[in-house]
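First residue of the sequence shown: 0, per numbering that gives the first Met the number 0; consecutive thereafter.
Backbone N, C-alpha and C define an ideal beta-carbon position, used for all residues, glycine too.
See structure below.
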Amino acid sequence: MSVGGVLEREHRIIDVGITIFAGAEPEEVTASQRMALLDAIAMLRRHIYLEEEYLFPPLRAAGLLGPVMVMLLEHGKMWPVLDELERLLGDGDFAATAELCRNLLEQLAAHNLKEERILYPQAEDLLTAGDLDELNELLASAEMPSGWACSGVAVD
Numbered sequence: 000m001s002v003g004g005v006l007e008r009e010h011r012i013i014d015v016g017i018t019i020f021a022g023a024e025p026e027e028v029t030a031s032q033r034m035a036l037l038d039a040i041a042m043l044r045r046h047i048y049l050e051e052e053y054l055f056p057p058l059r060a061a062g063l064l065g066p067v068m069v070m071l072l073e074h075g076k077m078w079p080v081l082d083e084l085e086r087l088l089g090d091g092d093f094a095a096t097a098e099l100c101r102n103l104l105e106q107l108a109a110h111n112l113k114e115e116r117i118l119y120p121q122a123e124d125l126l127t128a129g130d131l132d133e134l135n136e137l138l139a140s141a142e143m144p145s146g147w148a149c150s151g152v153a154v155d
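Printed below as a string of structure tokens:
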């Protein structure tokens with residue numbers, strides 16, 4: 000599967016996990032709905048890590064600074080939302096969690112469309128076959144380091 004295909008597949012999986020919770024009735028939230036959301040949050044954090052550490056640098060070097068900067072800014076806006084979702088979920092505020100999930104899904108719809116139509120095709124066109132193979136290996140195996148935060152978020 001292409002790098003873009005792998006990343007697009009992750010977008011869909013993440014969206015499903017968030018959607019499962021966004022559609023939940025707050026008074027009837029199940030453990031599996033909570034787990035689906037927590038898994039989606041973890042996967043989105045790892046997805047952002049992989050893009051920022053492995054996909055975006057060669058795209059920046061190839062001259063796509065503007066589109067990459069837009070994605071970085073949007074990641075920076077999403078990261079605190081993920082923190083807030085975890086906090087609300089832990090507090091048991093399922094109504095606020097579901098509302099924030101719906102807002103995040105709107106952000107992701109616009110963000111993912113740009114990545115899928117602009118950046119991912121450019122990666123396939125601009126990166127060498129060796130670079131694409133290496134990136135595919137990283138997508139399959141790389142772990143996000145503990146404490147890592149996206150570039151648009153200040154780390155304490």
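Suppose you measure from the CA of SER31 to the CA of GLU83; what does that come to, to the nearest Å?
20 Å
In whole angstroms, give me the CA-to-CA distance for PRO56 and ALA128.
16 Å
Helix, strand or coil at SER31 [DSSP, three-state]
helix
Just verifying my parser: in three-state terms, what is the DSSP assignment at TRP147?
coil
From which residue to which residue does the alpha helix (DSSP H) around MET77 run?
64-90
Inter-residue Cα distance where the pair is GLY62 and LEU126:
12 Å
Would you grab the beta carbon distance between GLY16 and ALA39 for me? Rounded to a whole angstrom, and I think it's under 8 Å.
3 Å
Segment limits, alpha helix (DSSP H) that includes ARG59
55-60
Opening and closing residue of the alpha helix (DSSP H) in which GLY16 lies
2-21
Go ahead and pull the three-state DSSP assignment for VAL154.
Interpretation of VAL154 is limited by its pLDDT of 49, a score under 50 that renders its predicted location unreliable; no figure is taken from the coordinates.
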